[in-house]
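Taken in sequence, the protein lines are chains C and H. 1 is the number of the first residue of the first sequence in the numbering used here; add one for each residue after it. 1001 is the number of the first residue of the second sequence in the numbering used here; add one for each residue after it. Data block below; observations after.
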Amino acid sequence: MEIGYESLSCDLYREAAISRRKLLTGGLLAGLAGLAPSALSQVSVAGKQGRTRDHSVVVIFLRGGADGLNIVTPYGEDGYYRARPGLGLAKGDLHKVGDLFGLNPALKPLFQRYDDGELAFVHACGSQDKTRSHFEAMSTMERGLAAEGGAASGWIARYLSATSSASNSPLRAVSIASVAPDSLSGATHATSLGSLADYRLAGSESFRTALGSLYAQNKDAMAQAGHETLQVLGQLDKLKYADYVPSGSASYPDTGMGQGLKQAAFLLKAGVGVEMACLDGGGWDTHVAQGTTVGWLTGLLDEVAKSLDAFARDMGTRMEKTTVLVQTEFGRRVAENAGLGTDHGRGGVLWAMGGGVKGGKVYGEWPGLEDLEGGDLRVTTDYRNVLAELIGAKLEPADLASVFPGLRAKPVGLFG
Amino acid sequence: MSVSRREVLQAGAGLGVAATVGGCTTFASRYAAAPLPAELPPPKLAHSPAFRLLNRAAFGPVPGQVAEVEASGLSTFLDAQLKPGGDENPALMIALQGIMPLRMDATELRDEPEHEVLRGLQQAAILRAVYGRWQLQERLVDFWSNHFNIYGRKGLAAYRKATDETKVIRPHVFGSFGEMVKASAQSPAMLAYLDNQLNTSAGPNENYARELMELHTLGVGGGYTQRDVEEVARCFTGWTYETRYLKPRGKFRFDETRHDFGEKKVLGQRIPAGGGMEDGLRVIEILAAHTSAAKFVTRKLCKYFVGTDDGPAQRAAERAYQDSKGDLRAVTAAIVKSPEMLEGAPIVKRPFDYVVSALRGLGATTDGSRGVQGHLQSMGQPLYQWPMPDGYPDGAEAWTGSLLARWNFAAALASGAVGGTTIPLAALIQRGGGDAATVAANLLLGSPDSQVPRLEMPADAFAATLATPEFQWR
């Protein structure tokens, strides 16, 4: 097992060798071919600080600026109905969660989860970037910054880098979309999968077999990594996504969001070292005819709610080790426009579900609908405080100053 | 050897001219690869020093080159590489002339889509690394281009990077370090990338000032304070690029209306009030002469060339830096001629290294375009697209996630499935003695002793050799 270490003088190998010895003993004795999945996940998830990488995060980005006021609706403020005579959701249609807020009826599949404390929202959440440009606002948020300019890398990339170790899974972060989001920009252990079928090994049968023997010996950092990569491939091949049957009689919608979350659940359950999974949802830029209890926005919310519910059912008790965040680049104008839609605004709604979330509550200081910022809901919670708190509470210890430069952390109290 | 090479190049030039008339860079680059030698004997020694040197001072040997360097001697090779002449491979030069961002200026380029510009820049870098005669120079360009990294997808950087490469990086790799920093500070690509166009007396922006000290010259902990960052930022107020109507776009411009003319103090040295652009130039002189710069720059170069940054090679290079006042030819010579060059710890190949060394090792003919670039992207190193100002990482742990993509490239290259790229498999095997696995091990690992599985199909033997853990290191 120590073959080759002696001949290498670089400290890197030595460190890698020492930190991995404990972990690999079991795995290597079990042999390459017959390695048990449990051993694999141990190999893949050992972190730098010795803390096990056993918590995963799914980040869903609703692109276009989701209308927070019609997702978590401030029915208790008359100003809401004055600003939205055509688009306001009637009190009787909402799932009331207190005297101020009610949830959009399309979120019905999630009502019970909210009431049971599995799901929370942060209202009036957003960045300090006052832009109303989708591109700029998304880019700011995915880079984990306060405003435009500054670091070009993504916040997830910087988190991965801050917690990098010799035993990084090749799938530490996955983007289940054809293009990696800006949050993964600059990440070296991230993979973009248009679908799971993309993560496969080419070449002839004899070439693929030869790799097994080439990477059987754990002689240097790349050899170790190759060994793990082959295990991940073997594991994915054995579990066969095509034959995947979700647990808990979960039924995923046959949409991009639903099928993306199904792949995320499959990967997380496969124990291949996925720590961050990024998904996208499009179509939230509801300028015209966004609808009320039926229509455009309702359809989108219905898809998200059903997908999240299916995901939570499928994950079962693993949901305790998984946190789902749903973000959007900004909220929408308080007043409806002449086209019965809403224009770009500021404060939006962030959703958090799963492990560690103290749910059943709408977080954030409510700025009210009287004192607006140019017609928009003010931002009272910096979205980065949610992300920083999640890292602090559930993930590997990371230098938050490098992940979120310039952030003066202010606890939201969302995670326990 | 040299006679036959000259003949080869003349032939290549003739064909290349014809290709240019046809306007097709792919066609020209096909002739950039030198024909294979008649025989490809194994290296004289297992793990030949010449093989090792070519993997570190060059992007790996082309077929026959190990024998050539063994015959001429290692120091003859290095001496020549340290003083590149003007006689670059003519077919390469012709191929480069056809590449859009090298042919057009920044203003003209603006009509082209960003991804096409980036593709052209990458194509040029790949072709130069694969076919350039002055391999040490190409290695240094790779190093310094990452040292002064610019993210091609921020602002208009893609359109300005070609000029940065030709005016900042290439002319200075064997020149003065201070002059290279001065050129970089006047590079529109760098100024925009690090937001210095926003750095004005009314509203200073510290981004460039900080990276200038932290990443370009002194290094973290190099002896500067936050106060120095603020003062250096003041010195660089007004350093911007041309945007005025009817003035050449994309050129450097010192805008004195935005400059802070007050007195500054940088690293203990007073910069008197009333200075204009010379404030920034003075700052660079102070930084380049600083002992931290001598240490930081030589450590980083040593990491790149010999794999360790605290051995005798680094100490020799640091002395050379100080004695020569930052002359990069002297510094580079101290490193590449050190014993650690041949004996130091293995260095992981970044994807660019991996791909280029594979193409060179197998005498590939490539256009360096979509096919090769798609694989580089999958491996995580699409050139000019690292968003952080620190350049692509060089540690092994940054690249352990890229193995699947490397294996897929290995399989594709050996079976002729990389777009715009072929390898002369049959000729290599025949001239190398007939056994595919042995030939592959000789060419790619420099040794017939390496443990490579003996696979029946020649393409599989080559793919497996490219995929070995051993070939991931240099």
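Each residue gets a CB set at the ideal place from its N, CA and C atoms; glycine is no exception. Keep in mind it's a predicted model, so treat the numbers as computed, not measured.
Interface partners of residue i on chain H, CB under 7 Å
i	result
A152/C	Y1151, K1154, P1387 and M1388
A225/C	T1400 and L1403
K269/C	Residues of chain H passing the Cβ test: none, with the nearest at roughly 21 Å.
P405/C	Here the premise fails: no neighbours, minimum Cβ distance about 11 Å.
Distance between residue j and residue i (C-alpha atoms, nearest Å)
i	j	result
L1102/H	F1471/H	32 Å
G102/C	G416/C	24 Å
S402/C	D376/C	31 Å
T1366/H	Y1354/H	15 Å
W1407/H	G1371/H	15 Å
R134/C	A1412/H	In the sequence on display, residue 134/C carries His and not Arg. Answer to the nearest angstrom: the Cα atoms are 39 Å apart.
L24/C	Q217/C	Only weak support exists for where L24/C lies, its pLDDT of 28 falling under 50; the value from the coordinates is given anyway. Their backbone Cα atoms lie some 12 Å apart in a straight line.
A1316/H	L261/C	56 Å
S127/C	A1464/H	50 Å
G1120/H	E1114/H	10 Å
P1346/H	A1185/H	34 Å
V1130/H	P1061/H	10 Å
P1458/H	A66/C	56 Å
T209/C	K269/C	26 Å
A176/C	G1307/H	The sequence given here places Ile at residue 176/C; Ala does not occur at that position. I176/C and G1307/H: Cα-Cα distance of roughly 36 Å.
P109/C	A250/C	12 Å
T1421/H	S213/C	29 Å
E320/C	G356/C	7 Å
V272/C	R200/C	14 Å
Backbone secondary structure at residue i - three-state DSSP
i	result
V379/C	coil
L1443/H	helix
Y252/C	coil
L395/C	coil
V272/C	coil
L193/C	coil
H344/C	strand
D115/C	helix
A120/C	strand
G1223/H	coil
R21/C	Because R21/C carries a pLDDT of 29, less than 50, the predicted location of this residue cannot be relied on, and the following value inherits that uncertainty. Three-state result, R21/C: helix.
M353/C	strand
W1407/H	helix
L425/C	Outside the shown range of chain C, which is 1 to 416, sits residue 425/C, and nothing can be said about it.
T1421/H	strand
H1172/H	helix
L407/C	coil
W155/C	helix
S1402/H	helix
Y1241/H	strand
Per-residue contacts from residue i into chain C (C-beta, under 9 Å)
i	result
W1239/H	None at all; the shortest Cβ gap to chain C is about 17 Å.
A1185/H	Within 9 Å Cβ-Cβ: nothing; A1185/H doesn't reach chain C, min ~19 Å.
E1456/H	S206
N1408/H	R200, L201, A202 and G203
Residue i: contacting residues in chain C (beta-carbon distance under 7 Å)
i	result
P1472/H	First, the amino acid is wrong: residue 1472/H is Gln here, not Pro. Neighbours of Q1472/H on chain C, chain order: M222.
W1399/H	T188
Neighbouring residues, chain H, relative to residue i (Cβ below 9 Å)
i	result
S249/C	The contacting residues do not exist; S249/C stays about 34 Å from chain H at best.
T131/C	None at all; the shortest Cβ gap to chain H is about 16 Å.
A177/C	Correct list: empty, because the minimum Cβ distance to chain H is about 16 Å.
Integer Cβ distance of residue i from residue j, believed to fall under 8 Å
i	j	result
A157/C	A187/C	4 Å
G1446/H	S1048/H	6 Å
R1299/H	D1309/H	4 Å
A310/C	G258/C	7 Å
Q1137/H	V1173/H	6 Å
Interface partners of residue i on chain C, CB under 8 Å
i	result
P1453/H	A210, S213 and L214
Closer than 9 Å at the beta carbon, the chain A residues around residue i
i	result
D1164/H	The chain labelled as chain A is not found among the protein chains of the depicted structure, namely C and H.
Interface positions of the stretch 179 to 194 of chain C facing chain H (Cβ-Cβ less than 7 Å), listed along the chain: S185, G186, T188 and H189
Members of the stretch 375 to 396 of chain C near chain H, C-beta cut-off 9 Å: none
Within 8 Å of chain C by C-beta, residues of the stretch 1347 to 1381 of chain H in sequence order: V1348 and G1380
Contact set between the stretch 324 to 354 of chain C and chain H, restricted to residues whose Cβ is under 8 Å from the partner: none
Under 9 Å (Cβ pairs) to chain H, residues found in the stretch 133 to 157 of chain C: R143, G149, G150, A151, A152, S153, G154 and A157
Residues in the stretch 1194 to 1219 of chain H having any Cβ partner in chain C nearer than 9 Å: D1195, L1198, N1205 and N1207
Against chain C: residues of the stretch 1298 to 1310 of chain H by CB proximity under 9 Å: G1307 and T1308
Contact list for the stretch 281 to 307 of chain C against chain H, Cβ threshold 7 Å: none
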